[in-house]
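This report concerns only the one structure given below.
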Amino acid sequence: MPRRDDIRPQHLGVAGLTVVGVLLLIAVLVIGGWRSGLLTVRSGDLSMQIPKAPALPQRAPNPEPIPLPRPGPGVQQD
7 MPRRDDIRPQ HLGVAGLTVV GVLLLIAVLV IGGWRSGLLT VRSGDLSMQI PKAPALPQRA
67 PNPEPIPLPR PGPGVQQD
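Residue 7 is where the sequence shown starts when you use my numbering, and the numbers rise one by one after that.
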């Protein structure tokens, strides 16, 4: 396998410093969020409760029945 000459030690140092900087930034954001209360976990949020099933509505009988459809033109009436 041929050696790649385009990767130099100074590039590895810059890449390493960039990774360390990003990790430090993420750590600062997480710690700041935790201290501000954005990441707090309440015990009420952890309880796994199954919600109650909704009650089905009770259907009342309709006092007026649906009118029967009228026949169209050209249909014989009985």
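No residue lacks a Cβ here, since even glycine has one placed at the ideal position from N, Cα and C.
* **Rounded C-alpha distance that separates Q82 from E70** => As a working mapping, residue 82 is identified with position 76 in the sequence shown. As a working mapping, residue 70 is identified with position 64 in the sequence shown. Going from the Cα of Q82 to the Cα of E70 covers about 27 Å.
* To do: Return the chain-ordered list of same chain residues with a C-beta closer than 6 Å to the C-beta of V25, the five sequence neighbours on each side being excluded.
  => Reading the sequence shown from its first residue, position 19 is the one you call residue 25. Only residues of its own chain outside the window of five on either side were considered, and among them none has a CB closer than 6 Å to the CB of V25.
* Roughly how many whole angstroms lie between the Cα atoms of V47 and V34? -> Taking the first residue of the sequence shown as position 1, residue 47 is located at position 41. Taking the first residue of the sequence shown as position 1, residue 34 is located at position 28. Rounded to the nearest angstrom, the two C-alpha atoms are 19 Å apart.
* Mind checking if P63 is an interface residue toward chain C, Cβ cutoff 8 Å exclusive? -> As a matter of chain content, chain C is missing from the structure shown, which is built from one protein chain.
* Asked: Say the cut is 7 Å; is the CB of A61 nearer than that to a heavy atom of the ligand NAD?
  -> In the structure shown, the ligand NAD is absent, as is every other ligand, since no ligand is present at all.
* Whole runs of the beta strand (DSSP E) within the stretch 22 to 73, excluding any shorter than 3 residues -> Correct list: empty.
* By DSSP, does G80 sit in helix, in strand, or in coil? -> Along the sequence shown, read from residue 1 onward, the residue named residue 80 stands at position 74. G80 falls in the coil class under three-state DSSP.
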